[in-house]
Amino acid sequence: MAETLKTRNEEEKVELKPGMHPSYLNILIQKREIKEKTVGIKHRIGVYSAKGGVGKTTVAVNLAYALKGMGLKVGLLDADIDCPNIPFFLGMNNVVPQDYPIIPVEKDGLKIVSTGMFLEDKEKPIIWRGPMKSKMLREFFENTSWGELDYIIIDLPPGTSDTPLSLMQLLSLDGIILVTTPQTIAAKNAIRSGMMAKRMNVSILGIVETMSGAGLKGAKDAAEKLNTAVLGSIRYSEKFDALSDSGKVPFIEDKEIRDAFTDIAKKIDSRLK
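Going by the working numbering, the letters in the sequence shown line up with residues 161 to 433, in that order.
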C-alpha cells in the first residue's frame, strides 16, 4: 500500500510494509524531519543498557572527550530526560541555556545539551509521561542548533521503552555501545538491550565493561550472546568515582583512564569509516 509521506520540504511515496499500521507514517514523517534538521551530524552513537547504574553516563562522557581528543567535532546529548546526570559529571550545575532554538552549551570544545541544564532546582524531579519525554527528545534534534559534528554521543536512559524506543525509531543511529558491569544480572540486561536494538534494526558496535576486575566476565558473556565485540574495559577505581562525583572528567585527569577510552574511541571510529 502506497501512502504519501509529506515533510516540510518534500513529498515522496512510502510503501507501508504488510501488517504495518498507517499511524506509523507519523513516525516516518518525524524521522525524515529530524534527518533534515541534523544533516550536519555525520555519526550518531547511543550509549545504552537496560539496567541503570552500570556506567552509561560515565562511558558517554569520557568517550565524547576521547573522540574530541582525536581532533573530531563532538556533541554530547543527555537523553535521560527525567533523570539527567551529565551536568553533574561535568560540573555544569549552574548552566542554563536561554536561547530557542536551543544552542548547545560548549565545554572543553564539546557541544552539550541536557534537560538538567534547564532546571533551576537541580534536585527537583522531572515527572513526565512517555509522550512528553518523546516530545523533548524531538526538540533536542529538530530545534537544537548542533551545527557540523563528526559525532554526537547520546546517553540513553535505562529500560527498553519510552525514550530508548523513540530514539531508535526516530533517529538514524549508526549504532549503539552497550555497557555492562561484571555481574551476571548486568550482563543479562545488556543482552536485553542488544536484543531490542537488533529488533529495531540498530547495529551494536560493541560492549564496554565498567567497574571491571579480571576476566571481563559480564562483557564476554553479553558479547558472545549478541555476536558482537568487547570494545574495552574500565577498571574499578575509587579515584574514578571521586573525580566523577566532584564534576571532574576522569579522561582529563588520569592517564590510564585516558588511554582506555582513547583505545575504545579509535575502535569505534575505525568501524564507522
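Glycine included, each C-beta is placed from N, C-alpha and C at the ideal position. As the structure is a computational prediction, the values presented were derived from the model and not from experiment.
Beta-carbon contacts of PRO261 that lie in its chain and below 8 Å, excluding the five residues immediately before and after: ASN303, THR304, SER305
Whose CA, out of PRO247, ARG418, GLY212, ILE187, lies closest to the CA of ARG298? ILE187
Boundaries (first-last residue) of the beta strand (DSSP E) holding LYS271: 270 to 274
Since ASP310 is in the beta strand (DSSP E), which residue starts that stretch and which ends it? 309 to 315
Pick from ALA357, GLN190, ALA402, THR344 that is closest to LYS380, judged by C-alpha positions: THR344
Distance, LEU185 Cα to LEU165 Cα: Here LEU165 scores only 49 on pLDDT, less than 50, and its place in the model should not be relied on; the value that follows carries that caveat. One C-alpha to the other measures close to 7 Å.
Run through DSSP, which three-state label would ASP334 get? coil
Any heavy atom of the ligand PLP closer than 7 Å to the beta-carbon of ASN349? The ligand PLP is absent from the structure shown, which contains no ligands of any kind.
Beta-carbon separation (whole angstroms), ASP435 vs LYS399, contact threshold 8 Å: In the structure as shown, the chain starts at 161 and stops at 433, and residue 435 therefore has no counterpart that could be examined.
At which residues does the alpha helix (DSSP H) containing LYS216 begin and terminate? 216 to 229
For PRO264 and SER372, I'd like the C-alpha separation in whole angstroms. 33 Å
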